[in-house]
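K.L.:
Just passing along the structure, written as C-alpha cells.
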Amino acid sequence: MNIHDIPDAPHIASSDLQQARKEANALRRPLMQVLEEKLGLQPQQAVACLARMFHYPALSMEDLDSCMPVFAVIPYTEAVDRNAVALRTGNDELIIALADPFDGTFESWLSERVTQQYHIALAHWADLAAYLARYEQTLAALDTVKTVETREDMLPVGAGDLSLRSISEDTSEIVRLIRSTLHDALQVGASDIHFETLAAGLIIKFRIDGTLGVVKSISDVDQAQQAISRVKVLAELDIAERRVPQDGRFKAIDRGREIDFRVSIMPSIFGEDAVIRVLDKQALIDHVRKLSLDNLGFDDHTRKLVRKLAAEPYGMLLVTGPTGSGKTTTLYAAISEINNGQDKIITIEDPVEYQLPGVLQIPVNEKKGLTFAVGLRSILRHDPDKIMVGEIRDSDTANIAVQSALTGHQVFTTVHANNVFDVIGRFMHMQVDLYSFISALNGILAQRLLRLNCPHCAEPYIPDDVLLSESGLTREAVSGFKFRMGRGCGQCRGTGYRGRKAIAETLTLTDELRELITAREPIRRIKDAARRNGTRFLRETAVDAVRLGETTLQEINRVTFVA
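First residue of the sequence shown: 313, per our numbering; consecutive thereafter.
This is the structure:
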C-alpha cells in the first residue's frame, strides 16, 4: 500500500490518543477500533496515519495475501491474541505485521520469541483478523498432535472444562486434540464436527452455516485411530467394536454453561468415521425466546401463508427439505405463535431440539420401543388439539398422521423431499391412500437456508457471463439487480458470508389442485395450477435474494436447482 496515494489522512493528536485509550480501557475494546471511530477515519486512512507517525510500511489485504504466515515464529493463538502475524515474503524476508503500534509491550514480547532478523509493518486490524480467520480453517487452537499415545492416556471419561487454560494443562496430546477441537467448534459456531478417516490419517471438518470446511489433518494412522477412540471413550461407546455403527453422547462445560454433544460412529473402509453434533442448550433457550416466523427470514407472502395454515382448526401442515434446512425450527416458530394456552399441544420428536414452554414434548426412544408410530397412537389418547410429529419416516406413522388430521386434529410434521410436489410421491410410496392424504392436507412448505452476504465487507460486483449462464440468467434479465459479494473480513472469518435466512416455496391445497392430484394429472398441469394459485418456486425466491443484494449467485446455485 502506498500511503501517499491515500488523501485526507490527518495527524493523530496526543490528546485524541489519550482520550481513545481511556475509552478503550473503560469499554474493554481494542484501542485501534476506538481511535478509528473517534476520529471518523476510513480503514486506509487510519493505517496511513499510523504508518506516517511510526515510519513503518503499510500493508493492504492484497499485500497480506501475497505472503505466507509463519506460525512457527508467532504461534497462531498468540497471533490472534496480539492481532499480529509473522509473514514470509516472496523474497524470503520476515515481516511482523501488527495493528496496534501503541502497544508498549509488543517489542519486548516480540524480542523474546523472534531471534532472526525481521521488519515491522502495519496492517489494518480488520484485515489482520480476516487473514488469521482464513488460516483458522486449517489450524486448531493447539499444535498438531506430535506423539503416539498409550491407551492409559485416554481412559478418563468426560470432556470437562473446555477453556484454553484447562486444555493446555492436559498431558495427553490426543486428549488435547479432541478438547481443543471441541473448543474451536464452539468458538466459531459450528453445528457439527466431522472426523473423516483416510488411508494415511484423519481430517477434521466443521460445518458452519451449512457448509463443511477442513480445520485440521493428521498424517498418522495410529493417531487417527486414537482420536476416534477418544471420541468413543467420551461417549461411553465400545472402543473394541469397529464393525457396526454406534451412537452416544457426552457433556462438557464452556464458559460456565453445559454443552451437549451427540456422537455418531460409522465404520468405513479405512477404519471409522465420527460425527459430533453440537447442542448448546443455553443458545437454544435464548433462540426460542425470540423464535417467531418474523426472525427466520421468510418473505411477507410466505409468513402470511404459514401463519394462516398454522391457525387452521384441523388438517395437516407439512414442511419439507433436506437435513439441516430448518424444517423443525419453522414448525417451532409456528407453534410458538399459536400457543396461547387454550389448546393441548403435544410433540413427538427425535430428538427434542428446543424446549417449548407449555408444550408436552415426547422424545422418541426406539431402543425402548417408543417409535413415532407407537408414540403417535398414545398421543391421540391424551386429548390433544394440535400435534407435531418430528418426522414421518414410515408407512405406519404417515397413515396415523393422516387419520389424525382427518379426525379433527391439527398436525404439524416434516418429511424429506426436494420440493412441494415430490411430497405427494413420498406419501404414495409409503402406501398412504392418496384421496385421504389430499383431503387431510392444508398446505406444504419446502424450504432451504441461504447464507447471507457479510454486512461488514459486502461490496458491489458484476458477475461474468459464464456465471450468469451457469445460473440460468441473461445479462438483460439481471439489469436491475444489486449484485453484492463479501470480500472477507474478521467479522465473517474471511468467508464473505455471515448468517443465514430461510427461503421457501409454498403450496396451498385448493379444490382445483385436489382434483388434479387425485386424478393423477401430469405434474406440468399441477404446477401451472399452483402458480395461478400464488405458488412461487424456490429458485424464484432465491433469485430475488440475489436481486436485493442479500446473497450471491454462487450461493443460490449451491442451494437450489438451476432451472
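We put the CB at the ideal spot given by N, CA and C, even for glycine.
My output table needs one value for Gly-560: the three-state DSSP class, helix, strand or coil.
P.N.:
Counted from its first residue, the sequence shown places residue 560 at position 248. The answer is strand: DSSP assigns Gly-560 an E or B state.
K.L.:
Can you tell me whether Glu-578 is buried or exposed, with buried defined as 16 or more other CB within 10 angstroms of its CB?
P.N.:
Within the sequence shown, residue 578 is the residue found at index 266, counting from 1. Checking the sequence, you will find Met at residue 578 rather than Glu. Exposed, by the Cβ-count rule.
K.L.:
Is it buried or exposed, His-694, if we count other Cβ atoms within 10 angstroms and call 16 or more buried?
P.N.:
The residue given as residue 694 occupies position 382 in the sequence shown. Exposed: under 16 other Cβ atoms inside 10 Å.
K.L.:
Which residues in the same chain as Glu-461 place their Cβ atom closer than 7 angstroms to its Cβ, once the five residues preceding and following it in sequence are excluded?
P.N.:
The count along the sequence shown starts at 1 and reaches residue 461 at position 149. A caution first: Glu-461 carries a pLDDT of 38, below 50, which makes its placement in the model too unreliable to give a value.
K.L.:
Mind checking whether Pro-775 and Phe-749 have CB atoms under 8 angstroms apart?
P.N.:
Position 463 of the sequence shown, counted from the start, is the residue given in the question as residue 775. Position 437 of the sequence shown, counted from the start, is the residue given in the question as residue 749. Contact flag unset, no.
K.L.:
What's the C-alpha gap between Leu-860 and Phe-793?
P.N.:
Numbered from 1 along the sequence shown, position 548 holds the residue referred to as residue 860. Numbered from 1 along the sequence shown, position 481 holds the residue referred to as residue 793. Rounded to whole angstroms, Leu-860 to Phe-793 spans 7 angstroms at the Cα level.
K.L.:
Touching or not, the region 502-514 and the region 579-594, by the rule of three or more beta carbon pairs under 8 angstroms?
P.N.:
yes
K.L.:
Out of Glu-661, Thr-872, Gln-499, Gln-715, state which residue places its alpha-carbon closest to the alpha-carbon of Met-700.
P.N.:
Working through the sequence shown from its first residue, we reach residue 700 at position 388. Answer by Cα proximity: Glu-661.
K.L.:
Indicate the three-state DSSP secondary structure (helix, strand or coil) for Val-631 in the structure shown.
P.N.:
To locate residue 631, count along the sequence shown from 1; it is residue 319. Strand, per DSSP.
K.L.:
List the whole-angstrom C-beta distance separating Thr-257 from Leu-643, where the pair is believed to meet the contact cut-off of C-beta under 8 angstroms.
P.N.:
With the chain covering only 313 through 875, there is no way to say anything about residue 257.
K.L.:
Provide the residue span of the alpha helix (DSSP H) that contains Ile-835, from first to last.
P.N.:
The sequence position of residue 835 within the sequence shown is 523, counting from 1. 835-844 is the span of the alpha helix (DSSP H), which, as asked, contains Ile-835.
K.L.:
Within this structure, are the beta carbons of Ala-409 and Leu-444 separated by less than 8 angstroms?
P.N.:
Sequence index remark: in the sequence shown, residue 409 carries index 97 (1-based). Sequence index remark: in the sequence shown, residue 444 carries index 132 (1-based). No, the pair does not count as a contact, with Cβ atoms beyond the cut-off.
K.L.:
Do Asp-439 and the ligand SAM come close, with the Cβ less than 7 angstroms from some heavy atom?
P.N.:
This structure lacks the ligand SAM; in fact it carries no ligand of any kind.
K.L.:
Using the DSSP secondary-structure output, state which residues sit across from Ala-765 in a beta bridge.
P.N.:
On the sequence shown, residue 765 is found 453 positions in, with the first residue counted as 1. Checking the sequence shown, residue 765 turns out to be Asn, not Ala. Tyr-809, per the DSSP bridge assignment.
K.L.:
Is Gln-330 buried or exposed, if buried means 16 or more other CB atoms sit within 10 Å of its CB?
P.N.:
In the sequence shown, residue 330 corresponds to position 18, counting from 1. That one is exposed.
K.L.:
Counting only the same chain and skipping the five closest in sequence on each side, list residues whose C-beta sits under 6 angstroms from that of Glu-862.
P.N.:
Within the sequence shown, residue 862 is the residue found at index 550, counting from 1. If we look at Glu-862 and ignore the five residues flanking it on each side, its Cβ neighbours are Leu-764.
K.L.:
On the three-state DSSP scale, how would you describe Gln-330?
P.N.:
Locating residue 330 in the sequence shown gives position 18, counting from the first residue. Of the three classes helix, strand and coil, the one that applies to Gln-330 here is helix, per DSSP.
K.L.:
For Val-664, name the three-state secondary structure that DSSP assigns.
P.N.:
Residue numbering aside, residue 664 sits at position 352 when the sequence shown is read from its first letter. Three-state result, Val-664: coil.
K.L.:
Is it the case that the Cβ atoms of Leu-850 and Glu-817 are separated by a distance below 8 angstroms?
P.N.:
Walking along the sequence shown from the start, residue 850 turns up at place 538. Walking along the sequence shown from the start, residue 817 turns up at place 505. Yes, the pair counts as a contact, with Cβ atoms nearer than the cut-off.
K.L.:
Reducing DSSP to helix, strand and coil, say where Leu-434 ends up.
P.N.:
The residue you call residue 434 lines up with position 122 of the sequence shown. In the structure shown, Leu-434 sits in a strand (DSSP, three-state: E or B).
K.L.:
Is Ala-438 closer than 8 angstroms to Val-359 when the C-beta atoms are compared?
P.N.:
Here residue 359 refers to the residue found at position 47 when the sequence shown is read from its first residue. Here residue 438 refers to the residue found at position 126 when the sequence shown is read from its first residue. In this structure, Ala-438 does not lie closer than 8 angstroms to Val-359 by Cβ.
K.L.:
Suppose the cutoff is 8 angstroms on Cβ atoms and the five residues either side in sequence are ignored; what does the same chain contact list for Arg-554 look like?
P.N.:
Residue numbering aside, residue 554 sits at position 242 when the sequence shown is read from its first letter. If we look at Arg-554 and ignore the five residues flanking it on each side, its Cβ neighbours are Pro-579, Gly-583, Glu-584.
K.L.:
Counting along the chain, where does the alpha helix (DSSP H) carrying Ser-744 start and finish?
P.N.:
For the purposes of this step, residue 744 is identified with residue 432 of the sequence shown, where counting begins at 1. For the record, residue 744 in the displayed sequence is Val; it is not Ser. Careful: Val-744 lies outside any alpha helix (DSSP H) and carries neither H nor E.
K.L.:
Return the Cβ separation of Arg-519 and Ser-637 in integer angstroms, given the expectation that the two are a contact with Cβ distance under 8 angstroms.
P.N.:
Residue numbering aside, residue 519 sits at position 207 when the sequence shown is read from its first letter. Residue numbering aside, residue 637 sits at position 325 when the sequence shown is read from its first letter. That belief does not hold up - the Cβ atoms of Arg-519 and Ser-637 are roughly 13 angstroms apart, past 8 angstroms.
K.L.:
With DSSP collapsed to three states, give me the class of Ala-857.
P.N.:
Position 545 of the sequence shown, counted from the start, is the residue given in the question as residue 857. In the structure shown, Ala-857 sits in a helix (DSSP, three-state: H, G or I).
K.L.:
Please name the residue, chosen from Val-676, Cys-801, Asn-652, Leu-630, that lies closest to Ala-710 on a Cα-to-Cα basis.
P.N.:
Residue mapping note: residue 710 aligns to position 398 of the sequence shown, counting from 1. Here the closest residue by C-alpha is Leu-630.
K.L.:
Using a Cβ-Cβ cutoff of less than 7 angstroms, which residues in the same chain neighbour Lys-656 once the five nearest sequence positions on both sides are dropped?
P.N.:
The count along the sequence shown starts at 1 and reaches residue 656 at position 344. The answer, listed in chain order, is Asp-695, Pro-696, Asp-697.
K.L.:
Between Thr-659 and Gly-702, is the Cβ-Cβ spacing less than 8 angstroms?
P.N.:
The residue given as residue 659 occupies position 347 in the sequence shown. The residue given as residue 702 occupies position 390 in the sequence shown. In this structure, Gly-702 lies closer than 8 angstroms to Thr-659 by Cβ.
K.L.:
Give me the Cα-Cα distance between Leu-621 and Asn-754, rounded to the nearest whole angstrom.
P.N.:
On the sequence shown, residue 621 is found 309 positions in, with the first residue counted as 1. On the sequence shown, residue 754 is found 442 positions in, with the first residue counted as 1. Cα-Cα distance, rounded: 7 angstroms.
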